[in-house]
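*Asks:* Sharing a structure, written as structure tokens. Questions coming.
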Amino acid sequence: MTRHATPHPRLPAAAVLMLAILGFAGTNAGAQDKFTVTVTNDLATARPAETIVIPFKEVRARIPGVLLDCVAVRDAKGSIIPAQVTNFTPEARPVLGDDLVWQHDFAPGEKTAVFTIERTAKPVPPFEPKTFARYVPERLDDFAFENDVIAHRMYGPALDTAAAGKSRMISSGIDVWIKSVRYPVINRWYLKGHDAYHVNSGEGIDMYDVGTDRGDGGTGIWDGALIHTSHNYATWRVLANGPIRTVFELEYKAWDAAGVKVTETKRFTIDAGRNLHQVDSTFTFADRDALTVAVGLSKPQRNATHTFASDAKTGWIANWITYNRPPKKNTAPGASLGEGSIGTAALLPAGATAGLAEDKGNNYILVQAAPGKPVRYYIGACWSKDDTGRFPAPAAWEAYLADFALRLGHPLAVTFSPAE
């Protein structure tokens, strides 16, 4: 039997050129498929859950053509570790990505950690999620967020409508949901309904009172005597959800702050393993060079006592709230009936504090804000009965804040090999 070769159709010149380029890239791929990152720590103390962030443009510069989902991070032992690529503008072309993010636990005295960044032939499967945020339309436009140690929620426009009934409220405060488990609970708790998560079924509980106060780190404009606060958030935008980091924004419409019209956009950055979250608030206003922003912590209004602590030099305030009311009954197997104590805190970078203040419902740490320039601060909470056992008393919470501030003042240093 005679076989005849089938002639190939003529390829356009551009296609021939592209094949040649791809073939050339393939022959040189080995030299462009990985590089090393050395992270240096100048503290002698332990630094658990340190988030390492490198701009993705640095990855693209060393691994040309790398795809966002085809990049892996290996530790010094060669094991692939959880990592995440953020891309805040996914509709942009070309797709560039923002950051490559992973974490490392620095042991006491550990000065350096070395990682390998490499291209993978196939997409890297997703890692276990430890951070999460979402809009909750089924609960009057709540916006909820969490990591593996603590959860929060904020209040949306539907809560200030007749549909909210007796729950109707105007509040830009931040609620705290305390967890005794490391897995995500937001979807599970909302599925059970509002009343159910006010009882501890063994995963945690919503027992923190916010109302119209600032809760755990809500903001307002301080005029020297009074706080002027916004309504509920107006719009939301999730920028990243992942195993290491969640990023989202909430916008607040203009409100009157002692005769000044002010708007605010909050950008939250939630990292795994941390009880404090980074917030960047951008305020817009006219005819002023600056306004005084108050970051507040609610004082308990009922069935609880609290102690207040502060360190103006380091830049933090903290409340330790002990609940006196008897726990609600719960017959679920393994349910914990003791409520314990909640610690809340707000922290500013070194040198940013403009003073402390308080009113009937809140303690405040103050910071100056220029129009259109982000103000960075950190807010968060802990529970004396969480699964870590790290916060049995106020002293432990205050030590955590002092250590967090110390770490902020000693950022990790990152170098690449090859350097370019």
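For reference, each letter of the sequence shown is one residue, going -31 to -1, 1 to 389 in mature numbering (1 follows the signal peptide of the UniProt record, and there is no 0). For each residue, glycine too, the CB sits at the ideal point set by N, CA and C.
#1: How would you call E174, buried or exposed, if buried means at least 16 neighbouring beta carbons within 10 angstroms?
#2: Within 10 Å of its beta-carbon, does P63 have 16 or more other beta-carbons around it, so buried, or fewer, so exposed?
#3: Examine the Cβ distances between the stretch 190 to 204 and the stretch 69 to 78 and report whether three or more of them are shorter than 8 Å.
#4: Near D2, which residues of its chain fall below 8 Å by C-beta distance, leaving aside the five closest residues on each side in sequence?
#5: Can you tell me where the beta strand (DSSP E) with V64 in it begins and where it stops?
#6: Could you spell out the range, first to last residue, of the beta strand (DSSP E) harbouring residue 390?
#7: Taking only three categories from DSSP, how would you classify A120?
#8: Just the C-alpha distance for L109 and F252, rounded to the nearest angstrom, thanks.
#9: Can you tell me which of V83, Q337 and S199 puts its alpha carbon nearest to the alpha carbon of P126?
#10: In the structure shown, what three-state DSSP assignment does V28 receive?
#11: Can you check the stretch 251 to 296 for any beta strand (DSSP E) of at least 3 residues that lies completely inside it and give the ranges in chain order?
#12: Less than 7 Å between C-beta atoms, sequence neighbours within five positions excluded: which residues of the same chain meet that for T85?
#13: By Cβ distance, which residues of its chain are closer than 8 Å to A45, with the 5 residues on each side in sequence left out?
#14: Kindly indicate if chain B contains any beta-carbon less than 9 Å away from that of P212.
#15: Could you check if L65 is buried or exposed, using at least 16 other CB atoms within 10 Å of its CB as the buried criterion?
#16: Have a look at E308 and F360 and give me their C-alpha separation to the nearest angstrom.
#17: Would you mind sorting K268 into buried or exposed? The rule is 16 or more other CB atoms within 10 Å of its CB.
#18: Quick one: measure Cβ to Cβ for A338 and L260, integer angstroms, because I've assumed they're closer than 8 Å.
#19: Using 10 angstroms around the beta-carbon of V271, count the other beta-carbons present and answer buried if the total reaches 16, otherwise exposed.
#20: Here's a check: name, in chain order, each residue in its chain whose Cβ is nearer than 6 Å to the Cβ of D11, leaving out the five neighbours to either side.
#21: For T20, count the other beta carbons within 10 Å of its own beta carbon; 16 or more makes it buried, fewer makes it exposed. Which is it?
#22: Count the other CB atoms within 10 Å of the CB of F217; is the residue buried (16 or more) or exposed (fewer)?
#23: Under 8 Å Cβ to Cβ from R376, same chain only, skipping five residues before and after it: list those, please.
#24: In the DSSP output, which residue or residues are listed as bridge partners for E233?
#25: Tell me which same chain residues have a C-beta within less than 6 Å of the C-beta of Y104, skipping the five on either side of it?
#26: With burial defined as no fewer than 16 other Cβ atoms inside 10 Å of the residue's Cβ, what is the status of A382: buried or exposed?
#27: F373 by DSSP, collapsed to three states: which one?
#28: Pick out whichever of A374, H167, P98 and G265 has its Cα sitting closest to the Cα of R151.
#29: Following the continuous beta strand (DSSP E) through K148, name the residue where it begins and the one where it ends.
#30: In this structure, how does DSSP classify H246 when only helix, strand and coil are distinguished?
#31: If we call anything under 9 Å between Cβ atoms a contact, is S140 one with G186?
#32: Near A165, which residues of its chain fall below 8 Å by C-beta distance, leaving aside the five closest residues on each side in sequence?
#33: Does the stretch 210 to 228 touch the stretch 313 to 320, meaning 3 or more C-beta pairs lie closer than 8 Å?
#34: With distances taken between CB atoms, is the gap from I143 to K354 smaller than 9 Å?
#35: Using 9 Å as the threshold, is the C-beta distance between A61 and A52 below it?
#36: Can you tell me the Cα-Cα spacing of D356 and E172, whole angstroms?
*Replies:* This is what the structure holds:
#1: As a first step, residue 174 must be located in the sequence shown, where it is residue number 205. For the record, residue 174 in the displayed sequence is Ile; it is not Glu. So I174 ends up on the buried side.
#2: Taking the first residue of the sequence shown as position 1, residue 63 is located at position 94. Sixteen is the threshold: since fewer than 16 other Cβ atoms of the shown chains lie within 10 Å of the Cβ of P63, the residue is exposed.
#3: When C-beta atoms of the stretch 190 to 204 are compared with those of the stretch 69 to 78, fewer than three pairs fall below 8 Å, so the two segments do not count as touching.
#4: Translated into the one-based positions of the sequence shown, residue 2 becomes position 33. Taken in chain order, the residues that qualify are I32, E87 and R88.
#5: Position 95 of the sequence shown, counted from the first residue, corresponds to residue 64. DSSP places V64 outside any beta strand (DSSP E), giving it a letter other than H or E.
#6: No answer is possible for residue 390: it lies beyond the span of the chain, which begins at -31 and ends at 389.
#7: As a first step, residue 120 is located in the sequence shown; it is residue number 151 there, counting from the start. A120 carries a strand assignment under DSSP once its states are collapsed to helix, strand and coil.
#8: The residue labelled residue 109 in the question sits at position 140 within the sequence shown. The residue labelled residue 252 in the question sits at position 283 within the sequence shown. Rounded to the nearest angstrom, the gap between the Cα atoms of L109 and F252 is 26 Å.
#9: Sequence index remark: in the sequence shown, residue 126 carries index 157 (1-based). Just measuring C-alpha positions, the residue of V83, Q337 and S199 sitting nearest P126 is S199.
#10: Along the sequence shown, one-based indexing puts residue 28 at 59. V28: helix per DSSP, three-state reduction.
#11: Runs found: 260 to 267, 273 to 280 and 285 to 292.
#12: Counting from one through the sequence shown, the residue named residue 85 turns up at place 116. K3, T5 and R43.
#13: On the sequence shown, residue 45 is found 76 positions in, with the first residue counted as 1. Contacts found: A82, V83 and F84.
#14: The chain labelled as chain B is not found in the depicted structure, where only one protein chain is given.
#15: Translated into positions along the sequence shown, residue 65 becomes position 96. Counting Cβ neighbours within 10 Å, L65 comes out exposed, since fewer than 16 surround it.
#16: Residue 308 sits at position 339 when you count from the first residue of the sequence shown. Residue 360 sits at position 391 when you count from the first residue of the sequence shown. Between the alpha carbons of E308 and F360 lies a distance of about 14 Å.
#17: Stepping through the sequence shown from its first residue, residue 268 is reached at position 299. Counting Cβ neighbours within 10 Å, K268 comes out buried, since at least 16 surround it.
#18: Indexing the sequence shown from 1 puts residue 338 at position 369. Indexing the sequence shown from 1 puts residue 260 at position 291. Going by Cβ atoms, the distance from A338 to L260 rounds to 5 Å, so yes, they are a contact pair.
#19: Taking the first residue of the sequence shown as 1, we reach residue 271 at position 302. The residue you asked about is not Val; residue 271 is Arg in the sequence shown. By the 10 Å Cβ count, R271 comes out exposed.
#20: Position 42 of the sequence shown, counted from the first residue, corresponds to residue 11. Listed in chain order, the non-local C-beta contacts of D11 below 6 Å within the same chain comprise H379, local neighbours out to five positions each way being set aside.
#21: Mapped onto the sequence shown, residue 20 falls at position 51. That one is buried.
#22: If you number the sequence shown from 1, residue 217 lands on position 248. Looking at its Cβ environment, which holds 16 or more other Cβ atoms inside 10 Å, F217 is buried.
#23: Counted from its first residue, the sequence shown places residue 376 at position 407. Closer than 8 Å at the Cβ level, and outside the excluded window around R376, lie L12, R16 and E19.
#24: The sequence position of residue 233 within the sequence shown is 264, counting from 1. Among the bridge pairs identified by DSSP, E233 is matched with Y221 and F252.
#25: The sequence position of residue 104 within the sequence shown is 135, counting from 1. Only F112 and W205 meet the Cβ criterion.
#26: Here residue 382 refers to the residue found at position 413 of the sequence shown. That one is exposed.
#27: What you label residue 373 is simply residue 404 of the sequence shown in a count that begins at 1. Residue state for F373 is assigned as helix, using DSSP reduced to three classes.
#28: The count along the sequence shown starts at 1 and reaches residue 151 at position 182. Cα-wise, what sits closest to R151 is P98.
#29: Sequence index remark: in the sequence shown, residue 148 carries index 179 (1-based). If you look at K148, you'll find it in the beta strand (DSSP E) that goes D144 to K148.
#30: The count along the sequence shown starts at 1 and reaches residue 246 at position 277. Here H246 sits in strand by DSSP.
#31: Translated into the one-based positions of the sequence shown, residue 140 becomes position 171. Translated into the one-based positions of the sequence shown, residue 186 becomes position 217. Here S140 is not near G186, since their CB atoms are 9 Å or more apart.
#32: On the sequence shown, position 196 is the one that residue 165 refers to. The residues are W158.
#33: Verdict: no, contact absent.
#34: If you number the sequence shown from 1, residue 143 lands on position 174. If you number the sequence shown from 1, residue 354 lands on position 385. Taking the C-beta atoms as reference points, K354 is found no nearer than 9 Å to I143.
#35: As a first step, residue 61 must be located in the sequence shown, where it is residue number 92. As a first step, residue 52 must be located in the sequence shown, where it is residue number 83. In this structure, the beta-carbon distance from A61 to A52 does not fall below 9 Å.
#36: As a working mapping, residue 356 is identified with position 387 in the sequence shown. As a working mapping, residue 172 is identified with position 203 in the sequence shown. Rounded to whole angstroms, D356 to E172 spans 10 Å at the Cα level.
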